[in-house]
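Heads up: the sequence shown begins at 17 in our numbering, then just goes up one per residue. Virtual Cβ for every residue (Gly too), placed ideally from N, Cα, C. Remember, predicted model here, so these are calculated numbers, not experimental data. All remarks here apply to the structure that follows.
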Amino acid sequence: MNAAGFPLLSLLTFLPLVGALIILSVRGDEAVVASNARWTALWTSLITFALSLILWVQFDKGSADFQFVERLAWMPNFGLNYAMGVDGISVLFVLLATFLTPLCILASWETITSRVREYMIAFLVLETMMVGMFCALDFVLFYVFFEAVLIPMFLIIGVWGGARRVYAAFKFFLYTLLGSVLMLLAILLLWYRAGTTDIIQLMATPIPAAMQTWVFLAFFASFAVKVPMWPVHTWLPDAHVEAPTAGSVILAGVLLKMGAYGFLRFSLPLLPEASAMFAPFMFTLSVVAVIYTSFVALAQEDMKKLIAYSSVAHMGIVTLGIFTFNAQGLSGALYTMLSHGIVSGALFLCVGVLYDRVHSREIARYGGVAKIMPAYALVFMLFTMASVALPGLAGFPGELLVIVGAWRVNPWVALGAATGMVLGAAYMLFLYRRVAFGRIGRDELKALLDMSPREHAIFAPLIIVTLWMGIYPQSFLDFFAATVTQLVARHEAALGAARLAGM
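Have a look at this one:
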């Protein structure tokens, strides 16, 4: 718990479930139930976000230790406990999840008209699982939240998605679930060896090199799919295309960070020798993902699919930075994860604004939107520039740090990442030019209205954070500086001890 003994993390985690239960208890005709569900979900998510700001204010940025720690005996005879806590790596991802959820509920205000009660319940349950996953300090508890995230997202895609929603939902579910079976086996192996699933205790427990290899591969099977890394990324475009706009925002903004978070939280500190051994393999997959999916994005005619492939490229930069094992690369990876969560979510919301009016995601259906929707075109341009890492916007600091960190390890790897940045500019500018400029060739476009007050309210906080992250990155870097420094030091110490033992 925190200094006052208040279980803040548990409250943050389970408060959305309270909102879901309130929505479930509402009675009345369909219109009344839908209205109450919307307002209850919005206020619950806003209160949760307000509580998460306490983490921001009270978090000790100079400490690498876990803070706001809560412990409760769960199954003590088996070494299992309910343990929650945050450090410099996880605290900002809790904020990211609580920040995006109310924006997603606002984005769904008018577009979701059927089964509104169930939709809002699904989003609140999803928020609980996301926050719980980033706070869990017990492996079994982490696994429960990690897998439970799939259920509400499966329903959001499969019930409220597009024409091929059932196919996309099952593909998403099966891809992400099958990889996690091996992770469960690895957790059981670690529990058998150490007698506990407490993450802090396991970090202090030496693991033989041979076991590290197998555990790393089991974790890789789960985390690589969640990132997603090439070539196990094929579920993502289908999921994004068929998901409702808010589902795409959460999928890109938070759920894609689960795999990279797993590498940072578990693979590097628990398995230092295996992580170092597989680093060239991870570099190869990351660079291939950055370049290959950038070329694939250039060929897309569907706006959502183009942004989905761009997400794979950006997450390739993240995994590359993680396995540099230096402060610049790790800090850049964390920063890129945060900025991508904001910028990619905003881009999917931009697509949703047009789709709500024209009901088409085909790039060819648009042209000259800037002439009839100037405010929208300005907002879309801002997030396009942030996506291509224009200096002064959120995407630039993280990608720059990753390239610097990669250069210290291998200049060719850094060159591959930089190539992806150039290609990223190409496909994003291609998208923006086709949508914003040119002659208005369709009568249906001439009657479009610019952004509504609700849409302005959604984009305003995203714009503020995007500018803030670009202009003053140190305010975010300070949160994970101590944790990254400790992680690098432990990794180097573990590798040094392994080399001495092998002499």
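query: What are the start and end residues of the alpha helix (DSSP H) that includes Leu365?; result: Ala343 to Val374
query: What runs of the alpha helix (DSSP H), each 4 residues or longer, lie entirely inside the region 198-285?; result: 215-219, 225-242, 251-258, 261-266 and 273-278
query: Check whether the region 500-512 and the region 147-158 are in contact - that is, three or more C-beta pairs closer than 8 angstroms.; result: no
query: Go through its chain and collect everything with a Cβ distance to Val42's Cβ below 8 angstroms, but skip five positions before and after it.; result: Val48, Val49, Asn52, Ala53, Thr56 and Arg133
query: Between which two residues does the alpha helix (DSSP H) holding Glu134 run?; result: Val132 to Cys151
query: Taking 7 angstroms as the limit between beta carbons, can you name the residues of its chain near Tyr308, skipping five residues before and five after?; result: Trp246
query: Rounded to a whole number of angstroms, what is the C-alpha to C-alpha distance between Leu503 and Phe279?; result: 12 angstroms
query: Would you mind stating whether Ala123 and Asp103 have Cβ atoms separated by less than 8 angstroms?; result: no
query: For Phe453, name the three-state secondary structure that DSSP assigns.; result: coil
query: Quick one: complete alpha helix (DSSP H) runs, 4+ long, within the region 152-179?; result: 155-164 and 166-176
query: Helix, strand or coil, according to DSSP, for Phe94 in the structure here?; result: helix
query: Under 8 angstroms by Cβ, that's how I've got Met199 and Pro285 pegged, so tell me the actual separation to the nearest angstrom.; result: Contact flag wrong, Cβ pair sits at about 16 angstroms.
query: Apart from the five residues just before and just after Leu252, which ones in its own chain have a Cβ nearer than 6 angstroms to its Cβ?; result: Pro244 and Ala324
query: Does DSSP put Met467 in a helix, a strand or coil?; result: coil
query: According to DSSP, is Gln316 helix, strand or coil?; result: coil
query: Please name the residue or residues paired with Arg87 in a DSSP beta bridge.; result: Ala99
query: Exposed or buried, what is Phe170 when buried is set at 16 or more other beta-carbons lying within 10 Å of its beta-carbon?; result: buried
query: Residues bridged to Glu378 by DSSP?; result: Asp318
query: At what residues does the alpha helix (DSSP H) containing Trp125 begin and finish?; result: Taken as a continuous stretch (DSSP letters only), Trp125 belongs to no alpha helix (DSSP H), as it is neither H nor E.
query: Thinking C-alpha only, which one of Trp207, Ile333, His249 and Ala362 is nearest Leu116?; result: Ala362
query: For Gln490, does the count of other Cβ atoms within 10 angstroms reach 16, so buried, or fall short, so exposed?; result: exposed
query: Sort Ile215, Val231 and Ala255 by Cα distance to Phe189 and report the nearest one.; result: Ala255
query: Please identify the residue among Lys77, Arg131, Ile70 and Phe109 whose C-alpha is closest to the C-alpha of Asp45.; result: Arg131
query: Evaluate Asp494 with the Cβ neighbour count: other Cβ atoms within 10 Å of its Cβ, from every protein chain shown; 16 or more gives buried, anything less gives exposed.; result: exposed
query: Compute the beta-carbon to beta-carbon distance between Phe396 and Ala452, rounded to the nearest angstrom, for a pair I have assumed lies under 8 angstroms.; result: 7 angstroms
query: As a quick exercise: from Ala259, Phe239, Phe109 and Ser196, pick the residue whose alpha carbon is nearest that of Tyr135.; result: Ala259
query: When the Cα atoms are used, what is the spatial distance from Pro92 to Trp423?; result: 47 angstroms
query: Less than 8 angstroms between the CB atoms is what I'm expecting for Ile379 and Arg450, so what's the real figure, rounded?; result: 5 angstroms
query: Compute the distance between the beta-carbons of Gly332 and Gly440, then report whether it is under 8 angstroms.; result: no
query: Quick one, which of Ala442, Arg373 and Met444 has its alpha-carbon nearest Glu471's?; result: Arg373
query: Exposed or buried, Ile480, counting other C-beta atoms within 10 Å across all chains shown (16 or more means buried)?; result: exposed
query: How many angstroms separate the CA atom of Glu126 from the CA atom of Pro427?; result: 49 angstroms
query: With three or more beta-carbon pairs closer than 8 angstroms as the criterion, would you say the region 348-367 touches the region 388-405?; result: yes
query: Measuring straight from C-alpha to C-alpha, what distance separates Ala315 and Ser347?; result: 32 angstroms
query: Throw me the rounded Cβ distance for the Val328 and His249 pair, which I believe falls under 8 angstroms.; result: 5 angstroms
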